[in-house]
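Take the sequence shown: its letter number 54 is residue 57 in this note's numbering, and every next letter is one higher.
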Amino acid sequence: MAFVVEPMTDEQRKSVAFEFFRRFDRGGDVLELFDEHADAWFPKWGVAHGRQAIGRMFDDVAQLFDSISHNLEWLKFYVAGDVVVVEGTTQGVTAKGIEWRGGFTHGGRWADVMEIRDFKIQRLFIYLDPDFGGEDTSRYPWHTDGGHPTPAL
Numbered sequence: 004m005a006f007v008v009e010p011m012t013d014e015q016r017k018s019v020a021f022e023f024f025r026r027f028d029r030g031g032d033v034l035e036l037f038d039e040h041a042d043a044w045f046p047k048w049g050v051a052h053g054r055q056a057i058g059r060m061f062d063d064v065a066q067l068f069d070s071i072s073h074n075l076e077w078l079k080f081y082v083a084g085d086v087v088v089v090e091g092t093t094q095g096v097t098a099k100g101i102e103w104r105g106g107f108t109h110g111g112r113w114a115d116v117m118e119i120r121d122f123k124i125q126r127l128f129i130y131l132d133p134d135f136g137g138e139d140t141s142r143y144p145w146h147t148d149g150g151h152p153t154p155a156l
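Quick look at the structure:
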């Protein structure tokens, strides 16, 4: 008897990526979606190698928030081979009590690049400004005049 290994389809990869965000928002086990030797990167944190380090990274990043949720209905997926790029927005409250809403405040827009093989996330690099509350304004001259409006989606 021979076993045939079929490559994942684009829809299957998108499903794994979507499940990551669904679990993240609901407090589910996101780590089981990662390969044991996966890599993940978050701005200002660095690269986490392996599932245990990724868990540590998520625990550290969680300290930034009182609450956070992804706007799942507005996610945009781009798939090329094993790579899935997901673009979206979040909303929530920082640990300091500042509310943000992607598309309406400075924080909350992001893009993630995932490599997904064998129904596991092999790599996740998260691209966003981690200043969700918009507090880091003194270093940016465009904030001195009240800032530029952020258009809605």
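Where a beta carbon is used, it is the ideal one built from N, C-alpha and C, also for glycine.
Just so it is clear, the structure is predicted and the values come from calculations on it, not from any experiment.
Quick check on this structure: which residue in E39, E102, G49, Q125 has the alpha carbon closest to the alpha carbon of L64?
Taking the sequence shown and counting its residues from 1, the one referred to as residue 64 is at position 61. The question names Leu, but residue 64 is Val in the sequence shown. Ranking E39, E102, G49, Q125 by Cα distance to V64 puts G49 first.
Measure the Cβ-Cβ separation of F122 and V33 and say whether it is below 8 Å.
Walking along the sequence shown from the start, residue 122 turns up at place 119. Walking along the sequence shown from the start, residue 33 turns up at place 30. Going by beta carbons, F122 and V33 fall outside the 8 Å limit.
Between the Cα of S70 and the Cα atoms of R29, A51, E14, F21, which residue gives the shortest distance?
As a first step, residue 70 is located in the sequence shown; it is residue number 67 there, counting from the start. If you compare the alpha carbons of R29, A51, E14, F21 with that of S70, the shortest gap goes to R29.
Which listed residue (T97, G105, W44) has its alpha carbon closest to that of E138:
For this step, residue 138 is matched to residue 135 along the sequence shown. Cα-wise, what sits closest to E138 is T97.
Would you grab the beta carbon distance between G91 and K79 for me? Rounded to a whole angstrom, and I think it's under 8 Å.
Position 88 of the sequence shown, counted from the first residue, corresponds to residue 91. Position 76 of the sequence shown, counted from the first residue, corresponds to residue 79. About 7 Å separates the Cβ atoms of G91 and K79, confirming a contact at the 8 Å cut-off.
How many Å lie between R16 and V82 at the Cα?
In the sequence shown, residue 16 corresponds to position 13, counting from 1. In the sequence shown, residue 82 corresponds to position 79, counting from 1. Approximately 8 Å, taken between the alpha carbons.
Within the segment 62-95, note down every full beta strand (DSSP E) run reaching 3 residues or more, in order along the chain.
Within the segment 62-95, the complete beta strand (DSSP E) runs of at least 3 residues are 68-73, 79-83.
Taking the DSSP output, what are the residues bridged to K123?
Counted from its first residue, the sequence shown places residue 123 at position 120. In DSSP, K123 forms a bridge with R120.
Pairwise C-alpha distance: D62 and F21
As a first step, residue 21 is located in the sequence shown; it is residue number 18 there, counting from the start. As a first step, residue 62 is located in the sequence shown; it is residue number 59 there, counting from the start. Approximately 20 Å, taken between the alpha carbons.
Alpha-carbon to alpha-carbon, G106 and L156
Within the sequence shown, numbered from 1, the residue matching residue 156 stands at position 153. Within the sequence shown, numbered from 1, the residue matching residue 106 stands at position 103. With a pLDDT of 47 at L156, under the threshold of 50, the modelled position of this residue cannot be trusted; read the value that follows with caution. Near 6 Å, if we compare the C-alpha coordinates of G106 and L156.
Integer-rounded CB distance, given that I124 should sit under 8 Å from F23
As a working note, residue 23 is residue 20 in the sequence shown. As a working note, residue 124 is residue 121 in the sequence shown. Confirmed, Cβ separation roughly 7 Å.
Which word fits V89, buried or exposed, when buried means at least 16 other C-beta atoms lie within 10 angstroms of its C-beta?
Translated into the one-based positions of the sequence shown, residue 89 becomes position 86. Label assigned to V89: buried.
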